[in-house]
Every structure is written in C-alpha cells, then in structure tokens.
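Have a look at the structure below before the remarks.
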Amino acid sequence: MLISFFFVAPVMEWYGRKPAHVLIVIPNILTCVVYYYASNVTTLVLARMVHGLSCGGAIALSPIIVAEFTSPKLRGILLNLKTSFGALGVMLAHTLGLFFDWRKTILVGMTMPAFALLITFTWPETPAWLASRGHNERCASAFYWLRGKGARSQKELRALIKAETDRRNTRVISGDRTFLLKAKGFFIQCVKKDFRKLVMLLLCIFIFLEASGRYFFPLYAIKIINAFTNGQSSIYYVVILDGVILLSTILACVLIQRYQRRTLLFSTGAVCIALLLTTCLYLLLKSKGIIHRDYAWIPLSLFGLYFILLNLGALPILMVVLGEIFPLKYRSAGVTMSAIILSITLIITLLVTPTMMKVLDIHGSFTVHSFCMIGALLYLFYNLPETKGRTLQEIEERFTKGRQKVRLADDGEDDGDDATNAISIELR
Numbered sequence: 001m002l003i004s005f006f007f008v009a010p011v012m013e014w015y016g017r018k019p020a021h022v023l024i025v026i027p028n029i030l031t032c033v034v035y036y037y038a039s040n041v042t043t044l045v046l047a048r049m050v051h052g053l054s055c056g057g058a059i060a061l062s063p064i065i066v067a068e069f070t071s072p073k074l075r076g077i078l079l080n081l082k083t084s085f086g087a088l089g090v091m092l093a094h095t096l097g098l099f100f101d102w103r104k105t106i107l108v109g110m111t112m113p114a115f116a117l118l119i120t121f122t123w124p125e126t127p128a129w130l131a132s133r134g135h136n137e138r139c140a141s142a143f144y145w146l147r148g149k150g151a152r153s154q155k156e157l158r159a160l161i162k163a164e165t166d167r168r169n170t171r172v173i174s175g176d177r178t179f180l181l182k183a184k185g186f187f188i189q190c191v192k193k194d195f196r197k198l199v200m201l202l203l204c205i206f207i208f209l210e211a212s213g214r215y216f217f218p219l220y221a222i223k224i225i226n227a228f229t230n231g232q233s234s235i236y237y238v239v240i241l242d243g244v245i246l247l248s249t250i251l252a253c254v255l256i257q258r259y260q261r262r263t264l265l266f267s268t269g270a271v272c273i274a275l276l277l278t279t280c281l282y283l284l285l286k287s288k289g290i291i292h293r294d295y296a297w298i299p300l301s302l303f304g305l306y307f308i309l310l311n312l313g314a315l316p317i318l319m320v321v322l323g324e325i326f327p328l329k330y331r332s333a334g335v336t337m338s339a340i341i342l343s344i345t346l347i348i349t350l351l352v353t354p355t356m357m358k359v360l361d362i363h364g365s366f367t368v369h370s371f372c373m374i375g376a377l378l379y380l381f382y383n384l385p386e387t388k389g390r391t392l393q394e395i396e397e398r399f400t401k402g403r404q405k406v407r408l409a410d411d412g413e414d415d416g417d418d419a420t421n422a423i424s425i426e427l428r
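The sequence shown begins at 1 in the numbering used here and counts up by one.
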C-alpha cells in the first residue's frame, strides 16, 4: 500500500488526476482475477499485495479528485458519499458471504472497479491541475462544464488561475534547477510551518480513524461481536450492524449540508468516545461476573449507537476534510505524506490490536483506542479550521497565509491579465 502512494503522487502531479486514477483502478481488477484463480496461500498473499497498490492510492487520491471537481456547496455531500459506498461494499461482502462462496463473491466485486474504470475515461481533467500546468483555456472549459458560468463560479475560477499563474511566474524567475536543488527545495518545503501543521493534522485524523475502528473493525467484526453475544449468530449481527452503518453514512449527507464541519465532528466525536468507554465498562463488569452474561442486547445497543453516531458525524467529516485541507502546491507532497502516516498507523493498528485483545481483552483494547481518540480529537479541536462553504483556494489561503478567506477579485479586475482573460472563453 505504501508503494502505491509513491507512484501515484508523481503521476497525479506530472500527468494529471485522471491517469493516476486509472493506474489505481487497474490493480484492483487484477486483484479480483488473481483471487478468483488462486489455488494456494502464496497466490492469495500476492493478490493481497496487488490490492494494496490500488487501495493505498485510492484512499488519498479519490478525496482530492472529488474536491477539485465539485463546488463548495456539494463538496461535503459528494465526499461523504464515498464513505457511504465504502460502507455499502463492506455490507455487500458480508451479505454475499452468507449465500455464496468466496470465489463467486469476488466475481461480483470485480464488476465495481471495472465500472469505475469505464467512468474514469469519461472525465475531464480537473481544473486545478490544468491551472497548475498553465492550460488556462482547458481549465476554464473544464471548470464551466463542471460548475456552470455563474458569477460565483467565475470568481472562483479567476482566483484559481491567478494564484497558479503567480506561482508559475515565481518558478520561471527562479530559473531551471538541477535535481539536487529541486530535492533541496522539496525538503525545505516539508519543514515549513504550514506544511508541518498539515502533517500534524493528517497524523491526528488517521489516528482517530484507526482508533475508532474504521479499518480494523471489519477484520475483527465477528470476534468482537462474539464477545458481546457469546457466539450467538455473530455473522447476522455483523450484517445488521453493517446496515446500520450504511444508513448512518447516508443520513450524514443531510447533516453535513446543514451544519458546520467542526460542530458535527466534535459533538459526535465526544459522544462516541463516551459510548465506547461505557461499552468497555460493561464488558469489564461482565468479565468480573458482576453483570449477568445474558444481557447481550446492552453492549450490542451501545456498540450500535456508537457506530451510528460515528458514521453520522466524526468519520464522514474527517473523510471530507482529507479532500479539502491540501493546498495545491502541497497536494503531491501531501499525498506522499498521507501514504507514510496512513501506512504506519494502519500497520501498528493491525499488528497491535490482536495482541491487545489477547492481553487486555476486548474491553481493555477498546479503552486504549478511546484514549487515542481523545488525544487526536483534542489536537483537531485547537487546530482544524472550518471548511464548510469555502472554496479550495480559500482553504489554501487559510493554511498558507493564516487568513480565514481569500479575497476573490471582482469581475472587472485585472482585465489585461492573461489568466483573468481565460475565464471569458466561450464554450461550444
């Protein structure tokens, strides 16, 4: 998975978002083919490694693509739908497992990346990448095709093109540089204050995602539910919980549209931590024999409510923010840094969680996860800006210059500027 980030980042920077997305979808299709024809453990491990090439890049690239394609009004909903479809995929896999063997389940799963590949070929390139490469006419064409020609769209387009034109002019003034100078410039960029702040935000976001069970719960779902139900129809409870999570992520679209990002994140996040700690307390008391083991509905209800609130607010918001917080000049480096942080947190979680479950039991393991969530949420509370209703350019200004909003030029401003004139192109 880590390797995928290192080849996706330069491809999305040099050749565009569309080719990068094609490159991460193709390994997914190949994975399904290898899985289907696998006849030994070695082949299954190989398929899993190939799948990592697709999964890793998709986690960081797809939010960026959605954010660059969509308007601030729709960006939150569409980024959250990515989470909803992920929940749908998990539920579909568990449900198909009740009726079909794993080979038939893989055949069904292969239709999804194949369909995604076909859709990708219908995309235009993202306006942000086109502007960064100086293709102002193609940028305006793609922008109007995606957003229309309203006054707000024209102002946003002007701000984007002007910012990228100024950045390119700075690079021209500095002249051609050798590879060593470019590498030195990259490392200097990585130690800047605004980039360090971005790295800390990414670290806390991924810690919260991992500690909350976003990735490890599907792997250990049956074992966790067994601790609640003493082995009674665990797989059916898992499917029901998957359905609850899916409905929660869909309902989150409404909440994301109505409420501020920070309000949803910290209110639902705090309640989720309290519910998880309450569940841990119940399991501890049950293991000590203080509470009777027949009340399985109590921890199941608490755990179900935990995942409902988690997927109503905290998780969707963090997945939305991942697509919004990367300034365009750091977008490639940000994807690489996401790779490193996500890989480290995911590997630690997958390696440590089974050991914690054996040593500390389910309640002790979840208690550790709860305190990790508390630490991450506290940092985000003091450092994560509000992004709802703001353009990506405004969010970038907030990170790089410390301002809450970037000033968008009036319609008649800088008429002689080539970048500004680009928005007056008539599309046919």
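All residues carry an ideal CB built from backbone N, CA and C; glycine is no exception. Since the structure is predicted, the reported quantities are computational estimates derived from the model, not experimental observations.
So, helix, strand or coil for Y215, using DSSP?
The answer is coil: DSSP assigns Y215 none of H, G, I, E or B.
Keeping to the same chain, check which residues put their C-beta closer than 8 Å to that of R75; ignore five residues upstream and five downstream.
These residues qualify, in order along the chain: V66, A67, V320, G323 and E324.
Rounded C-alpha distance that separates M200 from E125:
Spanning the two alpha carbons is a distance of roughly 30 Å.
Going along the chain, which residues of its own chain have a beta-carbon closer than 7 Å to the beta-carbon of R439, five neighbours each way excluded?
Residue numbering for the chain in the displayed model covers 1 to 428; residue 439 lies beyond these limits and cannot be assessed.
On the CB-based measure, 16 or more other CB atoms within 10 Å of its CB, does D418 come out buried or exposed?
Residue placement at D418 cannot be trusted, given a pLDDT of 45 that sits under 50; the coordinates are not used to answer.
Are the beta-carbon atoms belonging to I205 and L318 less than 7 Å from one another?
In this structure, I205 sits near L318, with a CB-CB distance shorter than 7 Å.
Should N80 and I256 be called a contact, given that it needs their Cβ atoms to be closer than 7 Å?
Going by C-beta atoms, N80 is nearer than 7 Å to I256.
Which of the three DSSP states is assigned to D166 in this structure?
In the three-state reduction of the DSSP assignment, D166 falls in the helix class, which pools H, G and I.
Segment limits, alpha helix (DSSP H) that includes E137:
It spans N136 to R147 - the alpha helix (DSSP H) in which E137 sits, taken as one unbroken run.
Three-state secondary structure (DSSP) at P354?
Correct three-state label for P354: helix.
Can you list, in chain order, the residues of its chain with a C-beta nearer than 7 Å to that of K329? Leave out the 5 residues immediately preceding and following it.
Hits under 7 Å: R167.
Using 10 angstroms around the beta-carbon of D101, count the other beta-carbons present and answer buried if the total reaches 16, otherwise exposed.
With fewer than 16 Cβ atoms within 10 Å of its Cβ, D101 is classed as exposed.
Quick check on DSSP: helix, strand or coil for N383?
Taken through DSSP and simplified to helix, strand or coil, N383 comes out as helix.
Cutoff 7 Å; reference G364; Cβ partners in own chain excluding five residues on either side:
Excluding residues within five positions, the ones whose Cβ falls inside 7 Å are M356.
State the CB to CB distance for the pair A114 and T105, rounded to an integer number of angstroms; the pair is presumed to be in contact (CB under 8 Å).
Wrong, their Cβ atoms sit about 15 Å apart, outside the cutoff.
Where does F100 sit, in a helix, a strand or coil, going by DSSP?
In this structure, DSSP gives F100 a state outside helix and strand, which the three-state scheme calls coil.
Using the three-state DSSP reduction, which class does I374 fall into: helix, strand or coil?
In the structure shown, I374 adopts helical secondary structure according to DSSP, grouped into three states.
Here's a check: name, in chain order, each residue in its chain whose Cβ is nearer than 7 Å to the Cβ of R103, leaving out the five neighbours to either side.
Excluding sequence positions up to five before and after R103, its CB lies within less than 7 Å of the CB of Y36, all in the same chain and listed in chain order.
The alpha helix (DSSP H) spanning S39 covers which residue range?
Neither: S39 is in no alpha helix (DSSP H) and is coded neither H nor E.
Report, in whole angstroms, the separation of the C-beta atoms of Y306 and L276, which I expect to be a contact under 8 Å.
Contact between Y306 and L276 holds, with the beta-carbon distance rounding to 6 Å and staying under 8 Å.
May I ask you to verify whether the region 125-139 touches the region 155-165, counting CB pairs closer than 8 Å and requiring at least 3?
Cβ pair count under 8 Å is three or more, so yes.
Sorted by chain position, which residues of the same chain lie with C-beta nearer than 7 Å to G389's C-beta, five sequence neighbours on each side aside?
Excluding sequence positions up to five before and after G389, its CB lies within less than 7 Å of the CB of P72, all in the same chain and listed in chain order.
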